[in-house]
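Heads up: the sequence shown begins at 440 in the working numbering, then just goes up one per residue. C-beta: ideal position from N, C-alpha, C; glycine also.
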Amino acid sequence: MLERSHGRTVPAWARPGARWGPFVYGPLLCISVGLLVLRITDGAGAASIVWSSLQVLLWVVLLAGNLAARRGNQET
Numbered sequence: 440m441l442e443r444s445h446g447r448t449v450p451a452w453a454r455p456g457a458r459w460g461p462f463v464y465g466p467l468l469c470i471s472v473g474l475l476v477l478r479i480t481d482g483a484g485a486a487s488i489v490w491s492s493l494q495v496l497l498w499v500v501l502l503a504g505n506l507a508a509r510r511g512n513q514e515t
C-alpha cells in the first residue's frame, strides 16, 4: 500500500487507477449516453439535456483519469 504524508496507508482499492473503475464507469457511461439520446429524441427540455450531457462528461473524465492512472502505475 502507498503511504500518505500523514502516515496512514491507502488501501489498494482506493488508489487512483483501481481495477474496479472501468467496471463501474463503463456501464454508467453507457446508461448516461442512452438517457441523453432518449432525452434528445423525445424533445425534452434544455435543462434535462444539459444535465445528461454533464453526466456523460463526468463518466468520460473519470474513465479517462482512471485509465491514465493505471498506465502511470504500470510504467513505474
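Checklist entry - With burial defined as no fewer than 16 other Cβ atoms inside 10 Å of the residue's Cβ, what is the status of L475: buried or exposed? => result Within the sequence shown, the letter at position 36 stands for residue 475. So L475 counts as buried.
Checklist entry - Whose CA, out of Y464, S492, P466, lies closest to the CA of L477? => result Taking the first residue of the sequence shown as 1, we reach residue 477 at position 38. The shortest Cα separation from L477 among Y464, S492, P466 belongs to S492.
Checklist entry - Could you check where the alpha helix (DSSP H) with P450 kicks off and where it finishes? => result Taking the sequence shown and counting its residues from 1, one reaches residue 450 at position 11. Element bounds for P450: n/a, residue is neither H nor E.
Next on the checklist: Taking its Cβ as the centre, do 16 or more other Cβ atoms sit within 10 Å of L468, making it buried, or is it exposed?
Outcome noted: Reading the sequence shown from its first residue, position 29 is the one you call residue 468. Burial call: buried.
Next on the checklist: Cutting at 8 Å between CB atoms, please list the residues of its own chain near V495, excluding the five before and the five after it.
Outcome noted: Taking the first residue of the sequence shown as position 1, residue 495 is located at position 56. These residues qualify, in order along the chain: L468, S471, V472, L475.
Checklist entry - In angstroms, rounded to a whole number, what distance separates the CA positions of M440 and A483? => result One-based indexing of the sequence shown puts residue 440 at position 1. One-based indexing of the sequence shown puts residue 483 at position 44. Confidence at M440 is low in this model, with a pLDDT of 49, below 50, so the placement of that residue should be treated as unreliable; the coordinate-derived value is given next. Answer to the nearest angstrom: the Cα atoms are 47 Å apart.
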